[in-house]
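Read the structure below first, then the notes.
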Amino acid sequence: MEIIRVENLHKKFTLKSKILEIPTGLVHAVNGVDFSIDKGKTLGLVGESGSGKSTTGRLLLRLLQPTEGRVYLEGRDISEIKNREFRKIRKDIQMVFQNPYAVLDYKMTIEDILTQPLHIHKIVHPLEYSKEVERLLRIVGLSKKDRKKFPHEFSGGQRQRIGIARALSTKPKFVVCDEPVSALDVSVQSQIINLLKELQEEFHLSYLFIAHGLNVIKHVSDQVAVMYLGKIVEKGDVEAIFQRPKHPYTIALMSASPIPDPEAKRERTHLKKEIPSALEIPSGCSFHNRCPKKMDICERVTPKLIGEGDYQVACHLVEGVASHGSSA
Amino acid sequence: MKLLEVKNLKTYFFIHDQEIPAVDGVDLTINKGEVVALIGESGSGKSVTSMSIMGLIDSPGKIMEGEILFHRNELFTDNLLKKSDRELQGIRGNEISMIYQDPITSLHPMLKVGDQVAEVLQIHKKMGKKQAKREAVEMLKRVGISDAEQRADELPEKFSGGMRQRIMIAMAMISNPKLLIADEPTTALDVTIQAEILDLLRKMGQEEDAAILLITHDLGVVAEMADRVCVMYCGKIMEEADAKELFKHPKNPYTQGLMECIPRIDDDRRKTLQIIEGYVPHPTDFPKGCRFSTRCPKVMDRCREELPELIEIEPGHKVRCFLY
């Protein structure tokens, strides 16, 4: 069953000059993104900085207002709902953030932090608050003694556990995890990854898992979408993407990921230049100026995302794509 | 041939009447032309070790004990801890240079990048301005800045993160150093850029015959770069070995745990990740015995009471653990 579906999602930011606020540029951060996530499944969204992956996550929670596009939660169109009304929906969609230090109010005890959403969204009766807080702490692996402590008394990994407890307090159906382990110590990352996977199984949660590390993405995802400059360039089943990547960008990304084994064979695909600024997105295929397999058509024609079943790729190299391409 | 020897280095910090043993008796040897990786998590003391080598420890930090011997050549050896600030300035950025995680805070925002690179030669090699600039442009070309002649006259803000790191590398390598300390040089960069920067570092190190001390928390980066690896945890070196040996036969339970708990791109995604229990202890309350004893799956009573010594169990492979 489909939990969330996103159709043709766009987000444009207008840059303004400092004093007179005259528009000076347009950043097309998310440029026509489509995906859907089934109940109990994880879509891994991977890309480099500036690819628009975090913006996509924020658009789903309405932390940012989409410029265009539709978002469906369990089949219901939630993109037209007014902000005030949207608060009711927010208990179904929650977020785990990258930096657990910034998320928790340092003046509140853990009990207060976890009680607040219970109160706002009327999750349980007020008499049950303390029992519910205990339950939340237990499921994320903290003890009930921790409830009276303040955020600064915890380590980074424990704070991320509190962040997860907070996200789960409203009994959400869908959780956006935005780089949940990248700020944590290496030896703690695997604890949090395992915890997120256990919780998913127990509560049939659906995740949009945003990360830049391919190794983490591979471990948590059922489906993977690779983003580049606001567009999904390839998506499909995790095994398909990792075993038989077709898009030159995905291939380059995989070959650049360091493998913790000095004797592993490395075939590095070298990319020219660096990711262009989102202010100057190249014409045609936005990857053409870095692509090792660039053809003439790539500069002129934007490749469409096409494919069979779950698997889709946007590249002229893949047979039959060229004829479907539209003029840019 | 030995280039740098750190012997029993202790760098402590004193904050709010508390003593924080950030680096607590570290021994480290770097041979000529070798890439040594110092790997550890936050609070392990890896960066403080490098700052101590560079003579950059300032109050509330203090180097309590130890020696840092820099072998200039067969005849001359300097103890960097005995040098005056003035003498150190002649070594820093000249014979030992350093690049940092975040290049934008290390570059002057209002000076042209070409001038910043050239300045190294003007100061350390007493070169004239024009000639220094010419050599700086050459160096910028070598590190992969295209149109180096024009771009040398631009400010750092015009460059992307990866390009800025290339400029830092140019600045570090132009003085022809014997040792380059790279502190998390690619942590702030995207993976495709990271790969390029690591390739560049390796190439420059080989061409200039400079040794590299690579400080990182990323085992993947270590595997790509290092000849030898030192694993640090809570201010102590826990294990030291050749890179291949360490990845094949990690001995210390901490190293073993680290290797197993990292999700790998080439393993089975359905298996549950191994974990290391608990959290890195805060530097104000490191455990009394072995620093890893609070999290170690193989902990014995003895580990909680006594601190094991770093012993050589095979030629070139040292471990700090009572199991051996």
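Protein chains in written order, with this note's numbering: chain A, 1314 to 1641; chain B, 9 to 332. The C-beta atom is built at its ideal place from N, Cα and C for all residues, glycine as well.
- Distances from the CA of B/F255 to each of B/K244, B/I270, B/C242 and B/G243 were compared; the closest alpha carbon is that of B/I270.
- Not a single C-beta of chain B is nearer than 8 Å to the C-beta of A/V1340.
- A residue is called buried once 16 or more other Cβ atoms fall within 10 Å of its Cβ, and B/G324, having fewer, is exposed.
- When only Cα atoms are considered, A/K1401 and A/K1352 end up about 20 Å apart.
- A/V1614 sits in a strand when the DSSP states are folded into three classes.
- At least 8 Å separates the CB of A/I1452 from every CB of chain B.
- Under the Cβ criterion (8 Å, minimum of three pairs), the region 91-106 of chain B does not count as touching the region 144-156 of chain B.
- Short of 7 Å from the beta carbon of B/K120, and not among the five residues preceding or following it, lie these beta carbons of its own chain, in chain order: A160, D161, E162 and L163.
- Among the residues facing chain B, A/N1396 is not included, as its CB has no counterpart in that chain under 8 Å away.
- For B/F22, the pairing in a beta bridge is given by DSSP as B/E27.
- With a beta-carbon spacing of about 10 Å, A/I1350 and A/L1358 fall beyond the 8 Å limit used to define contacts.
- For the region 1421-1448 of chain A, there are no residues whose beta carbon sits under 7 Å from a beta carbon of chain B.
- Within 7 Å of the CB of A/L1584, the CB atoms of chain B belong to T200, in sequence order along the chain.
- For A/G1620, same chain residues with a beta-carbon under 6 Å away, outside a window of 5 residues either side, are V1626 in chain order.
- Its Cα nearest to that of B/D66, the residue B/T19 stands out among B/R80, B/T19 and B/G41.
- In the DSSP secondary-structure assignment, B/S105 is bridged to B/L188.
- CA-to-CA, the gap between B/M240 and B/I47 works out to about 6 Å.
- DSSP places B/D35 within a strand segment (E or B) once states are collapsed to three.
- The region 240-268 of chain B contains, as complete alpha helix (DSSP H) runs of 4+ residues, the segments 251-256 (chain order).
- Along the region 1548-1577 of chain A, the positions whose C-beta sits under 9 Å from a C-beta of chain B are V1551, E1552, F1555, Y1562, A1565, L1566, M1567, S1568, A1569, S1570, P1571, I1572, P1573, D1574, P1575, E1576 and A1577, read in chain order.
- When C-beta atoms of the region 214-232 of chain B are compared with those of the region 1566-1582 of chain A, three or more pairs fall below 8 Å, so the two segments count as touching.
- Note on geometry: alpha-carbon atoms of A/F1555 and A/K1531 lie some 8 Å from one another.
- Within the model, the alpha-carbon separation for B/M106 versus B/R100 is close to 8 Å.
- Using a CB distance cut-off of 8 Å, B/D110 does not count as an interface residue toward chain A.
- Bridge pairing for A/I1350: A/I1317 [DSSP].
- At least 8 Å separates the CB of A/L1358 from every CB of chain B.
- DSSP, read as helix, strand or coil, puts A/P1336 in strand.
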